[in-house]
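Asker:
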Amino acid sequence: MSGNIVDARLQLNKVVREISYSSTGVTVKTEDNSTYQADYVMVSASLGVLQSDLIQFKPQLPSWKILAIYQFDMAVYTKIFVKFPKKFWPEGEGREFFLYASTRRGYYGIWQEFEKQYTDANVLLVTVTDEESRRIEQQPDSQTKAEIMEVVRSMFPDEDVPDATDILVPRWWSDSNN
Numbered sequence: 267m268s269g270n271i272v273d274a275r276l277q278l279n280k281v282v283r284e285i286s287y288s289s290t291g292v293t294v295k296t297e298d299n300s301t302y303q304a305d306y307v308m309v310s311a312s313l314g315v316l317q318s319d320l321i322q323f324k325p326q327l328p329s330w331k332i333l334a335i336y337q338f339d340m341a342v343y344t345k346i347f348v349k350f351p352k353k354f355w356p357e358g359e360g361r362e363f364f365l366y367a368s369t370r371r372g373y374y375g376i377w378q379e380f381e382k383q384y385t386d387a388n389v390l391l392v393t394v395t396d397e398e399s400r401r402i403e404q405q406p407d408s409q410t411k412a413e414i415m416e417v418v419r420s421m422f423p424d425e426d427v428p429d430a431t432d433i434l435v436p437r438w439w440s441d442s443n444n
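Quick look at the structure:
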């Protein structure tokens with residue numbers, strides 16, 4: 267066995283935009299304008315996708331299903347990677363994570379270094395959630411980088427903290443193509 271799925275009914279890497287259903291069957295339309303028909307369909311989209319209305323259901327789902335979907339709070343979670351020309355943070359056993367306490371809830375609070383996994387990468391990861399994630403996804407990377415530099419320099423006031431050379435800000439919440 268090769269492990270490859272050979273059933274032609276399974277479609278991978280298709281972005282579903284509409285599911286129309288009735289007692290006679292289901293029609294699924296994808297972003298690339300493909301259409302698929304079946305007797306049944308299994309929807310395995312995440313709660314976040316269902317709450318975003320990226321998939322239109324025709325007719326609309328029953329009220330009890332919509333209520334169930336929106337009873338859960340889907341948190342937005344963003345991991346920002348920041349590369350530096352050199353290390354300036356503490357290293358060694360038990361020093362993989364750093365915490366930053368701000369008066370703003372969730373403002374660049376959880377940091378991680380990767381020296382054990384990626385020696386000499388000089389990369390820090392900072393995690394933000396919910397409102398901070400939404401705010402950061404809407405601003406230019408240059409502003410995020412400036413905010414991060416201010417935080418890092420306040421975390422390590424006795425160190426010569428160089429400017430970050432690169433930053434990666436995934437925009438999973440605001441960019442459906444990610």
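All residue numbers for the sequence shown refer to our numbering, where the first residue is 267 and numbers rise by one. Just so it is clear, CB atoms sit at the ideal spot from N, CA and C, and this is done for glycine as well.
Taking DSSP as the reference, what is the three-state secondary structure of G314?
Answerer: In the structure shown, G314 sits in a helix (DSSP, three-state: H, G or I).
Asker: Ordered along the chain, which non-local residues of its own chain (more than five positions away) have a Cβ less than 7 Å from that of V418?
Answerer: V427, listed in sequence order.
Asker: Mark S289 as exposed unless 16 or more other C-beta atoms lie within 10 angstroms of its C-beta, in which case mark it buried.
Answerer: With fewer than 16 other Cβ atoms within 10 Å, it is exposed.
Asker: I need the DSSP call for Y384, collapsed to helix, strand or coil.
Answerer: Y384 falls in the coil class under three-state DSSP.
Asker: So for Q337, helix, strand or coil by DSSP?
Answerer: It is coil, neither helix nor strand.
Asker: If you follow the beta strand (DSSP E) that E379 is part of, which residue opens it and which one closes it?
Answerer: Its beta strand (DSSP E) spans residues I376 to E379.
Asker: V292 and S300 look like a contact to me (Cβ under 8 Å); what is the Cβ gap, rounded to whole Å?
Answerer: With 8 Å as the limit, V292 and S300 do not qualify as a contact, their Cβ atoms being about 14 Å apart.
Asker: What did DSSP end up calling D429 once you bin it into helix, strand or coil?
Answerer: D429: coil per DSSP, three-state reduction.
Asker: Go ahead and label E379 buried or exposed: buried means 16 or more other beta carbons lie within 10 angstroms of its beta carbon, across all protein chains shown.
Answerer: Flag for E379 reads buried.
Asker: Since I285 is in the beta strand (DSSP E), which residue starts that stretch and which ends it?
Answerer: Looking at the DSSP string, the run of the beta strand (DSSP E) that includes I285 is V282 to S288.
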